[in-house]
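Here's the structure we're looking at; comments come further down.
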Amino acid sequence: AVDLKKFVALAGDVGLFVNLRVGPYVCAEWKFGGLPLWLMNNTKYPTLRLRTNEPTWMALTGDWFQRVTYEVAEFLAPLGGPIVLTQVENELAWDAPVEYVEWAGTMARAALVNAVHKATSGLSAGTSDDTDEIVAKNSLAFTNAEDARIIPVLMCEGSVSKNTVPACNGPTCAEYLTDQHSRADMNIESDDDGSGYEKKVLVDYPGVWTENEGGYQTWGG
-18 AVDLKKFVAL AGDVGLFVNL RVGPYVCAEW KFGGLPLWLM NNTKYPTLRL
32 RTNEPTWMAL TGDWFQRVTY EVAEFLAPLG GPIVLTQVEN ELAWDAPVEY
82 VEWAGTMARA ALVNAVHKAT SGLSAGTSDD TDEIVAKNSL AFTNAEDARI
132 IPVLMCEGSV SKNTVPACNG PTCAEYLTDQ HSRADMNIES DDDGSGYEKK
182 VLVDYPGVWT ENEGGYQTWG G
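Under the working numbering, the residue at position 96 of the sequence shown is numbered 77, and the numbers go up by one with no gaps.
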């Protein structure tokens, strides 16, 4: 079994920062993107549509994200820990439902707010009697997350929520950093009021390289 808390603690002990890629779909060349195969049980989840605004998927996703962030809450950067970034979804399709894209970003931020609050209120993450109630209540209700000082939430290489940081997956991501037109999908987005204001990487948000896809073919080793 994987001891997530032990792993994150060890990273902190040796001076590493952590990007917690909660997913639940993380890709990274994992089978089924890291999703458990039992999700395809049509008897238990007859209406499930993965990575969409289908209610069952959103409930399961919200539950998972909240439980993971509760588990490692004490290691979040606002509390002095090594987890400085987190990520929801990965390479989400360009035509993904807008409602789901925006919900994912807001849900992740809300889960972090809840985790910090839970850790600082003296509750033991994942063990208190009210954990299931909180998770159930919040799974579908992440719509107006508090604008708290939490770690940045990343999305990458596809549809990106307005309140997350778009990141790049690729062999070098050089174009993403230097040419605003070559990766317009990643480094420019319209302002909410439709004024056409352009938000640029390294100006309005940091450049983040979430997957080095060069591997042995590019870098050797």
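Cβ atoms here follow ideal geometry from the backbone N, Cα and C, with glycine treated the same way.
By alpha-carbon distance to A58, the top candidate from L(-15), L1, M88 is L1. In the DSSP assignment, N150 falls within the unbroken beta strand (DSSP E) covering 146 to 151.
Every unbroken stretch of the beta strand (DSSP E) spanning 3 or more residues and falling wholly within the stretch 63 to 87 is given here in chain order: 64 to 69. DSSP places W11 outside both helix and strand once states are collapsed to three, so it counts as coil. Its Cα nearest to that of N150, the residue E70 stands out among F(-2), N22, G(-4), E70.
In the assembly as shown, R30 is an exposed residue. Its beta-carbon has fewer than 16 other beta-carbons within 10 Å. Three or more Cβ pairs closer than 8 Å define a contact, and the stretch 138 to 148 meets that threshold against the stretch 73 to 86. Contact between L(-15) and E55 does not hold, since the beta-carbon distance rounds to 12 Å and is not under 8 Å. Listed in chain order, the non-local C-beta contacts of P133 below 7 Å within the same chain comprise L66, V146, local neighbours out to five positions each way being set aside. Non-local beta-carbon contacts of E192 in its own chain, meaning distances under 6 Å to residues more than five positions away in sequence, involve N150 in chain order. A direct Cα-Cα distance of roughly 29 Å separates L18 from A(-8).
Pairing V(-11) with A92, the inter-Cα distance amounts to about 18 Å. The bridge partners DSSP lists for C137 are A148. If you ignore the 5 residues before and after G188, its C-beta comes within less than 6 Å of the C-beta of L158, V182, all in its own chain and listed in chain order. DSSP, read as helix, strand or coil, puts N22 in coil. Counting only the Cα atoms, P5 lies some 27 Å from S102. Per DSSP, the beta-bridge partners of V182 are Y186. In this structure, the beta-carbon distance from M21 to L73 does not fall below 8 Å. Taking 8 Å as the cut-off, the Cβ atoms of T28 and T42 do not count as close.
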